[in-house]
Every structure is written in structure tokens, then in C-alpha cells.
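Numbering-wise, the sequence shown is residues 844 to 983 according to the working numbering. Data first, discussion second: the structure below is written as C-alpha cells.
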Amino acid sequence: MKIRLVMTTGLSMLVLFGASCSVTRKSAQVGGTTAGTTVSVVFTNQERALIASWFRDHRQGLPPGLAKRGRLPPGLEKQLRERGTLPPGLQKKTHPLPVDLERQLRKLPGGYVRVIVGASVILMNAQTRVIFDLIRDAVP
């Protein structure tokens, strides 16, 4: 009788522990759910408008690295669109968004960053360099 009680209790604890460990994270998916919270890793319409107006209003005060931004060569533009990852040649040419602008945007989930490449603003995973969203011609 005692053995049966101990075995039943142990089995119950094992099942509960297994169920608690089976929660999966989908942080790499756009619009995935993590522990009951929906994560959307894209630029909202409000953010797109804010970024466009910020760069329009601050053309004169851009840092030297961003002041003379040109368009990317057509081949690299096409790779950004088709591959969904930042090409290796452009990884060193990224610039963070200006701090004033970044403060006005919503906080991103851990591991995601907004960067400027050429004239585009890109939202990507910092480790995998997978591009989740981009705004073309955002930087004049």
C-alpha cells in the first residue's frame, strides 16, 4: 500500500514537471507567442510615419556617417528583399538609429535591433542577421 502511494505521487510529480517543461518559445517567428504574450517584430504604421518624419526634420543634424548615405547598389538591394538576411558585405556598414529617434519608438524584444543600411532602416535579429522588416528610402 505504501509503495503504491509513493509510486503514484512520484509519477504525478513527473507528469507535472514534464508538462511545465513542454512550453516552447517561438521568438524567431514574426507574430509568434511566448509564454502567452504575442510578439510582433515588424514596424507599425505609426513607427514608419515617425521614422520618415524624423529623418525629414533632422537632415541637417545627422552624424557624419549618416549624412552622406547613398542608395545601395541594385544587386545588394535585391538581396535584402529576396534573401531575408543581411549580406555579409553589409554587416560592417550598419549604423544604429539615432538615440533620439530610438527613444521615441517602442522597445523591441530581446535580441532584435533597428539599424540603418544605405538609405533603408532595417529591423533584424542581432545574432542571426535575419531581416524581419525594412523601410526603404527612409534616410534622405
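C-beta atoms are modelled at their ideal positions from N, C-alpha and C, and glycine is treated no differently.
Starting from residue i, trace the alpha helix (DSSP H) in both directions and tell me its first and last residue.
i, result
"L893", "N888 to D900"
Can you tell me whether residue i is helix, strand or coil according to DSSP?
i, result
"V884", "coil"
"R946", "helix"
"L951", "coil"
"L915", "coil"
"L933", "helix"
"L923", "helix"
"V973", "strand"
First and last residue of the beta strand (DSSP E) that includes residue i?
i, result
"R957", "Y955 to V960"
Can you give me the C-alpha to C-alpha distance between residue i and residue j, rounded to a whole angstrom?
i, j, result
"T928", "G953", "18 Å"
"Y955", "S896", "23 Å"
"F975", "L915", "19 Å"
"R979", "I965", "8 Å"
"L948", "P931", "27 Å"
"H938", "V958", "5 Å"
"R972", "V960", "13 Å"
"R902", "L977", "20 Å"
What's the call for residue i, buried or exposed, on a 16-neighbour Cβ count within 10 Å?
i, result
"I846", "exposed"
"V884", "buried"
"V982", "buried"
Does the contact criterion of 3 or more C-beta pairs under 8 Å hold for the stretch 913-922 versus the stretch 883-893?
no
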